[in-house]
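Everything on this sheet refers to the single structure shown next.
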Amino acid sequence: AVVEGVGDHGCEYMTKGVVVVLGQTGRNFAAGMTGGIAYVLDETGQFSSVLCNQASVDLEPVEAETDVGVLRDLIERHLAATGSPRARWVLEHWQQLLGKFVKVFPHELKRVMGVPRKAARPAAAETVPSVVPDAQVERPVLHG
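Under the numbering used here, the first residue of the sequence shown carries the number 3, and numbering increases by one thereafter.
Encoded structure:
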């Protein structure tokens, strides 16, 4: 599924499938996510630092050729099916935006696939709560 934005609790308890988010997310994204993959366009850096609940997922850059291919194909199909100006804008600026996509990869899926987890951060380094009240999240207006 390709969406152009999602509110609070996006992909909560997701168990399989692929989701692409081309716009903003609300808080607590990926809470309880055990399967599937999400690719999120994080233009502001707030998704990774504030909005994603990382208790059950790792956040990774989209670098593997397979990931890049799946991501681009889904966006192209979304554009063909909907005529979305947002999808068109993302594809027109692909080289500049690819590095801003984040792969949301559940710990449980990694375990089942035998993929090593990234190094966990020490608890003391945890400065951002996994769920942030709406009033604390600045949401800039993005265009495209």
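Think of the CB as a built atom: it goes at the ideal place given N, C-alpha and C, for glycine as much as any other residue.
P108 burial status per 10 Å Cβ neighbour count (16 or more: buried): P108 is buried by the Cβ-count criterion.
Bridge partner(s) assigned by DSSP for D60: In DSSP, D60 forms a bridge with F107.
7 Å Cβ shell around R88 - same chain, five flanking residues per side excluded: Around R88, the same chain offers E6, L24, G25 and G146 as residues with beta carbons nearer than 7 Å, after the five sequence neighbours per side are excluded.
Neighbourhood of V8 by C-beta, 7 Å cutoff - its chain only, sequence neighbours within 5 removed: Excluding sequence neighbours, V8 sits near V23, T27 and G28.
Same chain only: Cβ atoms within 8 Å of P118, ignoring 5 sequence neighbours per side: The residues are K112.
Residue nearest to R90 in terms of C-alpha spacing, selected from G101, D75 and V104: From the listed residues G101, D75 and V104, the smallest Cα separation to R90 is found for D75.
Outcome for M115 when other beta-carbon atoms lying within 10 angstroms are tallied against a minimum of 16: Its Cβ having fewer than 16 others within 10 Å, M115 is exposed.
L99 - containing alpha helix (DSSP H), residue span: First-last of the alpha helix (DSSP H) with L99: W96 to L99.
Straight-line gap, T120 to S58 (C-alpha atoms, nearest Å): It is Lys, not Thr, that sits at residue 120 in the sequence shown. Each residue's Cα considered, the two are about 12 Å apart.
Given 8 Å, three or more beta-carbon pairs between the region 49 to 56 and the region 65 to 74: With fewer than three CB-CB distances shorter than 8 Å, the region 49 to 56 does not count as touching the region 65 to 74.
Residue environment, A33, which counts as buried when at least 16 other CB atoms sit within 10 Å: A33 comes out buried.
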